[in-house]
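Enquirer: One structure, as structure tokens, below. Some questions next.
There are 2 protein chains.
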Amino acid sequence: MDLGKRKQLILQAIVEDYIATAEPVGSRNIAKNHDLGLSAATIRNEMADLEEMGYLDKPHTSAGRVPSQLGYRFYVDSLMRRYSATVEEIENLNSALHQRYVNLSSVVSVVSDIISKITKCPTVMTLPTVASAKVVNVKMLMIEENLALIVVVLDGGSVRNKKVKVSGKITYREIDAISDFLNSQLAGLGAKDIDESRIMLIYGAMGQYKDFLKVVLDFVLECLQNNITEVYVGGASNILNHPEFCDIDRARDFLRFIDNRENATKVLALTTGGDSDVKIIIGDEAGLEEMRDTSIVLANYHAGGILSGKIGVIGPTRMDYARIVSSLETINAQLETILTAVFYNEE
Amino acid sequence: MDLGKRKQLILQAIVEDYIATAEPVGSRNIAKNHDLGLSAATIRNEMADLEEMGYLDKPHTSAGRVPSQLGYRFYVDSLMRRYSATVEEIENLNSALHQRYVNLSSVVSVVSDIISKITKCPTVMTLPTVASAKVVNVKMLMIEENLALIVVVLDGGSVRNKKVKVSGKITYREIDAISDFLNSQLAGLGAKDIDESRIMLIYGAMGQYKDFLKVVLDFVLECLQNNITEVYVGGASNILNHPEFCDIDRARDFLRFIDNRENATKVLALTTGGDSDVKIIIGDEAGLEEMRDTSIVLANYHAGGILSGKIGVIGPTRMDYARIVSSLETINAQLETILTAVFYNEE
DNA sequence: TGTTAGCACTCACCTCGCCCGAGTGCTAAC
DNA sequence: GTTAGCACTCGGGCGAGGTGAGTGCTAACA
Numbered sequence: 062m063d064l065g066k067r068k069q070l071i072l073q074a075i076v077e078d079y080i081a082t083a084e085p086v087g088s089r090n091i092a093k094n095h096d097l098g099l100s101a102a103t104i105r106n107e108m109a110d111l112e113e114m115g116y117l118d119k120p121h122t123s124a125g126r127v128p129s130q131l132g133y134r135f136y137v138d139s140l141m142r143r144y145s146a147t148v149e150e151i152e153n154l155n156s157a158l159h160q161r162y163v164n165l166s167s168v169v170s171v172v173s174d175i176i177s178k179i180t181k182c183p184t185v186m187t188l189p190t191v192a193s194a195k196v197v198n199v200k201m202l203m204i205e206e207n208l209a210l211i212v213v214v215l216d217g218g219s220v221r222n223k224k225v226k227v228s229g230k231i232t233y234r235e236i237d238a239i240s241d242f243l244n245s246q247l248a249g250l251g252a253k254d255i256d257e258s259r260i261m262l263i264y265g266a267m268g269q270y271k272d273f274l275k276v277v278l279d280f281v282l283e284c285l286q287n288n289i290t291e292v293y294v295g296g297a298s299n300i301l302n303h304p305e306f307c308d309i310d311r312a313r314d315f316l317r318f319i320d321n322r323e324n325a326t327k328v329l330a331l332t333t334g335g336d337s338d339v340k341i342i343i344g345d346e347a348g349l350e351e352m353r354d355t356s357i358v359l360a361n362y363h364a365g366g367i368l369s370g371k372i373g374v375i376g377p378t379r380m381d382y383a384r385i386v387s388s389l390e391t392i393n394a395q396l397e398t399i400l401t402a403v404f405y406n407e408e
Numbered sequence: 062m063d064l065g066k067r068k069q070l071i072l073q074a075i076v077e078d079y080i081a082t083a084e085p086v087g088s089r090n091i092a093k094n095h096d097l098g099l100s101a102a103t104i105r106n107e108m109a110d111l112e113e114m115g116y117l118d119k120p121h122t123s124a125g126r127v128p129s130q131l132g133y134r135f136y137v138d139s140l141m142r143r144y145s146a147t148v149e150e151i152e153n154l155n156s157a158l159h160q161r162y163v164n165l166s167s168v169v170s171v172v173s174d175i176i177s178k179i180t181k182c183p184t185v186m187t188l189p190t191v192a193s194a195k196v197v198n199v200k201m202l203m204i205e206e207n208l209a210l211i212v213v214v215l216d217g218g219s220v221r222n223k224k225v226k227v228s229g230k231i232t233y234r235e236i237d238a239i240s241d242f243l244n245s246q247l248a249g250l251g252a253k254d255i256d257e258s259r260i261m262l263i264y265g266a267m268g269q270y271k272d273f274l275k276v277v278l279d280f281v282l283e284c285l286q287n288n289i290t291e292v293y294v295g296g297a298s299n300i301l302n303h304p305e306f307c308d309i310d311r312a313r314d315f316l317r318f319i320d321n322r323e324n325a326t327k328v329l330a331l332t333t334g335g336d337s338d339v340k341i342i343i344g345d346e347a348g349l350e351e352m353r354d355t356s357i358v359l360a361n362y363h364a365g366g367i368l369s370g371k372i373g374v375i376g377p378t379r380m381d382y383a384r385i386v387s388s389l390e391t392i393n394a395q396l397e398t399i400l401t402a403v404f405y406n407e408e
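Next up, the structure:
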């Protein structure tokens, strides 16, 4: 069942030609364009074998061959040549990335747009989440009669706030005291540390504000367990660049699918382990009906050991895997710097 | 140059039939489907007149007529019958709108998705902005050695924050003092009120922190003049529902256009005065090359007298104006309640 | 004078048949 | 095992012919 060297070379040639031209590739063209030292007829025989083994498909009798899902899988796992971005490409990328970012959301939306531009494919990207967050600072202040603002600062630097109605009367002075006390109790703690006994201790010390404190504590916990995996979809219309989506119905099905936040999230949830590795999911490996004819190149990004998120590039199964993997790796390297800078200085 | 009653009826019939069927409409069909008491031949004569006057176009000799941009304009201004949403429609809408919103962004993204679903058209929508904001509260706190957090609360309730590096040493106690002083100086003021003399006064009192104060003041002013008109685009793929976009190139051009944040902003910037009125922009009235064959129904939304924003529904010039105007009005009425609730209780 | 019936004409669109070319599979020779 | 040759397949492009919806014009009618 394992492929001989020659079959591998031929499969590689077919996959690469097909990725480049989007046309079924025939034996004659391979003989001509690749220096395999074989005649078209020989290649034809090998192709017939490869088809029988499931690595190639035939759209119809008199067309050339097309890689099957299995063919792509083998190519990606064993045959794909790493593509190294040229100096020029890297410089273009860097200059596109070099701009003023207002906050993390803007980094994500700008970066996903850039990726989709260079890959000519739709890109999905999550906002970075903070791993195992801890409270750095909790502060409450009255901003109106009966309306308090809770500000929670987490390590890694994200800041969240929430307005809370205060039912009883709490004075400005009181809220300062509560705020300082709560801060002394919570600073440095993670979600796990804020357990029943800790909460009881807080209630015990400031029983008269229990209702209010409960709201605050709930919010703090929410911030710590925060899994807002908000998803951005960049350049969805790029899917129309690919000839496999020139059929309007197919294009619509795909766009409808990816426009939906939940679906975009599902796509990004496809990473298993693999950690910082780039993962490639081909066709129905995704287990999503609507992605049957598309592939996804997924990568995790990290920054400062605290932030992490996911990027996915979606294209037809015929997408240029080598180039897209390379683009994602190049971006990932830059992203660490950008995110760290934005995260610590601004937001 | 003004149209007689009969010509108006015929124009109306043509526009409505064309909106419903997307096919050029012929004299015979009008005679049959509309009870005008006229023969096809008479209608034909009137149609020839209407064409000469510029209200109708003819795709080719042997097709029916199609409304021209002028025709749509006249229809929208003078002939369009108000469509009243049915009780069922309103109930469906309300139940779709009835959900838990995390914050204003989520309202905007959910609502724009709902609108695009019921109108079957792409929808663009701005985040609400606060009119003539005033400072309610300014607070600074040290969250790390050399890192301060500025929190600005504006009336209407929006809260923004920014982290600032502090170069010199500022103690926790000092920052409290600066914070209280600045708050006493700025509370209740709008952008106009924070003028040169006010700033000088602040610097005068706290000269040793001038560098730091400058950063804070700049940020406060930025918040007050805040024009973050962030734009959401909902249901862009809906454009593919319309037969005029079954051509893949046209679809791509449009999607590429609207996927771009700047362009979406341009579209929403088309409102002139008109205030709470719904405004309809037809074809090249927008002055945007890419919108030559599309129309936009624009509406302003308001909440609590403080928040306001814009919604736009984009479709082919053949879009169902009456229905879309009605949908927008119905949504607008609900939006006031939702936004007010979300704004004052959460975020 | 306005309205209508009749008729010739136009033109997009569909279908059918045709040919072309790229590609295959098989066979026989090297 | 490799290769040349050849018959066969089949999608795609092209042009001819038919169809039908719609128009414009003319002449008759109220």
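If you read the sequences in order, they're chains V and X. FYI, the numbering for the first sequence is 62 to 408, going by my numbering. FYI, the numbering for the second sequence is 62 to 408, going by my numbering. Where is the CB? At the ideal position from N, CA and C, for every residue including glycine.
1) Could you tell me which chain X residues have their CB closer than 7 angstroms to the CB of residue 272 (chain V), listed as they occur along the chain?
2) Between V:126, V:155, V:205 and V:237, which lies nearest to residue 105 (chain V) when the distance is taken from Cα to Cα?
3) Excluding the five sequence neighbours on either side, which residues of its own chain have a C-beta within less than 7 angstroms of the C-beta of residue 80 (chain X), listed in chain order?
4) Please name the residue or residues paired with residue 412 (chain V) in a DSSP beta bridge.
5) In terms of residue numbering, what span does the alpha helix (DSSP H) encompassing residue 367 (chain X) cover?
6) Between which two residues does the alpha helix (DSSP H) harbouring residue 201 (chain X) extend?
7) Would you tell me roughly how many angstroms separate the C-alpha atoms of residue 408 (chain X) and residue 368 (chain V), rounded to the nearest one?
8) What's the gap between the Cα of residue 207 (chain X) and the Cα of residue 214 (chain V)?
9) Using DSSP with H/G/I as helix, E/B as strand and the rest coil, what is residue 64 (chain V)?
10) Going along the chain, which residues of its own chain have a beta-carbon closer than 7 angstroms to the beta-carbon of residue 396 (chain X), five neighbours each way excluded?
11) What three-state label does DSSP hand residue 4 (chain V) in the structure shown?
12) Once you ignore the five residues that flank residue 160 (chain V) on each side, which residues in its own chain have a CB closer than 6 angstroms to its CB?
13) Taking Cβ-Cβ distances below 7 angstroms as the criterion, which residues of the stretch 298-310 of chain X are in contact with chain V?
14) How about the stretch 100-118 of chain V and the stretch 128-136 of chain V: do they share at least three Cβ pairs that are nearer than 8 angstroms?
15) Against residue 204 (chain X), what residues of chain V qualify as contacts under a CB-to-CB distance less than 7 angstroms, listed in chain order?
16) Starting from the beta carbon of residue 313 (chain X), find every residue of chain V whose beta carbon is closer than 8 angstroms, and list them in chain order.
17) Work out the CA separation of residue 356 (chain V) and residue 111 (chain V) for me, nearest whole Å.
18) If we count the other Cβ atoms within 10 Å of its Cβ and call it buried at 16 or more, is residue 139 (chain X) buried or exposed?
19) In chain order, what residues of the stretch 324-350 of chain X put their CB closer than 7 angstroms to some CB of chain V?
20) For the stretch 147-172 of chain V, which residues have a CB atom closer than 8 angstroms to at least one CB atom of chain X, in sequence order?
21) Which chain V residues sit within Cβ distance under 8 angstroms of residue 316 (chain X)?
22) Helix, strand or coil for residue 386 (chain X), going by three-state DSSP, please let me know.
23) Can you tell me the Cβ-Cβ gap for residue 177 (chain V) and residue 187 (chain V), rounded? I've got them flagged as a contact below 8 angstroms.
24) Below 7 angstroms on C-beta distance, what does residue 220 (chain V) contact in chain X?
25) Quick check on DSSP: helix, strand or coil for residue 186 (chain V)?
26) Cα-Cα, which of X:372, X:377, X:281 and X:243 is closest to residue 329 (chain X)?
27) If we count the other Cβ atoms within 10 Å of its Cβ and call it buried at 16 or more, is residue 360 (chain X) buried or exposed?
28) Residue 124 (chain X): buried (16+ other C-beta within 10 angstroms of its C-beta) or exposed?
29) Output yes if chain X places a C-beta closer than 8 angstroms to the C-beta of residue 241 (chain V); else output no.
30) Residue 320 (chain V) touches chain X at which residues, Cβ-Cβ below 7 angstroms?
31) Could you spell out where the alpha helix (DSSP H) holding residue 213 (chain V) opens and where it closes?
32) Thinking C-alpha only, which one of X:286, X:272, X:67 and X:195 is nearest residue 246 (chain X)?
33) How far does the beta strand (DSSP E) with residue 222 (chain X) in it extend, from its first residue to its last?
34) What residue does the alpha helix (DSSP H) around residue 328 (chain X) start on, and which one ends it?
35) Helix, strand or coil for residue 403 (chain X)? Go by DSSP, reduced to three states.
Expert: So, from the data block:
1) The residue you call residue 272 (chain V) lines up with position 211 of the first sequence. Neighbours of residue 272 (chain V) on chain X: none; closest Cβ ~15 angstroms, over 7 angstroms.
2) Numbered from its first residue, the first sequence carries residue 105 (chain V) at position 44. Ranking V:126, V:155, V:205 and V:237 by Cα distance to residue 105 (chain V) puts V:126 first.
3) Mapped onto the second sequence, residue 80 (chain X) falls at position 19. Excluding sequence neighbours, residue 80 (chain X) sits near 379 and 381.
4) Because chain V here runs from 62 to 408, residue 412 (chain V) falls outside it and cannot be looked at.
5) Numbered from 1 along the second sequence, position 306 holds the residue referred to as residue 367 (chain X). Unbroken run through residue 367 (chain X): none, as it is neither H nor E.
6) Working through the second sequence from its first residue, we reach residue 201 (chain X) at position 140. Premise fails: residue 201 (chain X) lies in the beta strand (DSSP E), 196-205, not in any alpha helix (DSSP H).
7) As a first step, residue 408 (chain X) must be located in the second sequence, where it is residue number 347. As a first step, residue 368 (chain V) must be located in the first sequence, where it is residue number 307. Here the model assigns residue 408 (chain X) a pLDDT of 42, short of 50, so the residue's position is not dependable, and the following value carries that caveat. Cα to Cα, the separation comes out at about 23 angstroms.
8) By one-based count along the second sequence, residue 207 (chain X) stands at place 146. By one-based count along the first sequence, residue 214 (chain V) stands at place 153. Rounded to whole angstroms, residue 207 (chain X) to residue 214 (chain V) spans 15 angstroms at the Cα level.
9) Residue numbering aside, residue 64 (chain V) sits at position 3 when the first sequence is read from its first letter. Here residue 64 (chain V) sits in coil by DSSP.
10) Mapped onto the second sequence, residue 396 (chain X) falls at position 335. Cβ neighbours of residue 396 (chain X) beyond the five flanking positions: 172, 362 and 364.
11) Outside the shown range of chain V (62 to 408) lies residue 4 (chain V), about which nothing can therefore be said.
12) Here residue 160 (chain V) is taken as the residue at index 99 of the first sequence, counted from 1. So the list is empty, once near-sequence residues are dropped.
13) Residues passing the 7 angstroms Cβ filter: 298, 301, 307 and 309.
14) Yes: at least three Cβ pairs fall under 8 angstroms.
15) Counted from its first residue, the second sequence places residue 204 (chain X) at position 143. Contact annotation for residue 204 (chain X) against chain V: 197, 198 and 214 [CB-CB distance below 7 angstroms, chain order].
16) Position 252 of the second sequence, counted from the first residue, corresponds to residue 313 (chain X). Against chain V, the beta carbon of residue 313 (chain X) has neighbours under 8 angstroms at 298, 301 and 302, listed in chain order.
17) Walking along the first sequence from the start, residue 111 (chain V) turns up at place 50. Walking along the first sequence from the start, residue 356 (chain V) turns up at place 295. When only Cα atoms are considered, residue 111 (chain V) and residue 356 (chain V) end up about 22 angstroms apart.
18) Residue 139 (chain X) sits at position 78 when you count from the first residue of the second sequence. That one is exposed.
19) Under the 7 angstroms Cβ criterion, the stretch 324-350 of chain X contributes no residue.
20) Listed in sequence order: 170.
21) Residue mapping note: residue 316 (chain X) aligns to position 255 of the second sequence, counting from 1. The CB of residue 316 (chain X) comes closer than 8 angstroms to the CB of 297, 298, 301 and 316 in chain V, given here in chain order.
22) Along the second sequence, read from residue 1 onward, the residue named residue 386 (chain X) stands at position 325. Three-state result, residue 386 (chain X): helix.
23) The residue you call residue 177 (chain V) lines up with position 116 of the first sequence. The residue you call residue 187 (chain V) lines up with position 126 of the first sequence. A Cβ-Cβ distance of about 15 angstroms is found for the pair residue 177 (chain V) and residue 187 (chain V), leaving them out of contact under the 8 angstroms criterion.
24) Position 159 of the first sequence, counted from the first residue, corresponds to residue 220 (chain V). What residue 220 (chain V) touches in chain X: 210 and 222.
25) Along the first sequence, read from residue 1 onward, the residue named residue 186 (chain V) stands at position 125. In this structure, residue 186 (chain V) counts as strand in the three-state DSSP scheme.
26) The sequence position of residue 329 (chain X) within the second sequence is 268, counting from 1. Nearest C-alpha to residue 329 (chain X) among X:372, X:377, X:281 and X:243: X:372.
27) The sequence position of residue 360 (chain X) within the second sequence is 299, counting from 1. The residue in question, residue 360 (chain X), is buried, as its Cβ has 16 or more Cβ neighbours within 10 Å.
28) What you label residue 124 (chain X) is simply residue 63 of the second sequence in a count that begins at 1. With fewer than 16 other beta carbons inside 10 angstroms of its own, residue 124 (chain X) counts as exposed.
29) Translated into positions along the first sequence, residue 241 (chain V) becomes position 180. Residue contact with chain X for residue 241 (chain V): absent (no Cβ-Cβ distance below 8 angstroms to any residue of chain X).
30) Here the question's residue 320 (chain V) lines up with position 259 in the first sequence. Those within 7 angstroms of residue 320 (chain V) in chain X are 296, 297 and 298.
31) Along the first sequence, read from residue 1 onward, the residue named residue 213 (chain V) stands at position 152. Secondary structure note for residue 213 (chain V): it is in no alpha helix (DSSP H), and the uninterrupted beta strand (DSSP E) holding it is 208-215.
32) Working through the second sequence from its first residue, we reach residue 246 (chain X) at position 185. Its Cα nearest to that of residue 246 (chain X), the residue X:195 stands out among X:286, X:272, X:67 and X:195.
33) For this step, residue 222 (chain X) is matched to residue 161 along the second sequence. Its beta strand (DSSP E) spans residues 220-226.
34) Mapped onto the second sequence, residue 328 (chain X) falls at position 267. Counting along the chain, the unbroken alpha helix (DSSP H) around residue 328 (chain X) starts and ends at 322-329.
35) One-based indexing of the second sequence puts residue 403 (chain X) at position 342. When secondary structure is reduced to three states using DSSP, residue 403 (chain X) falls in the helix class.
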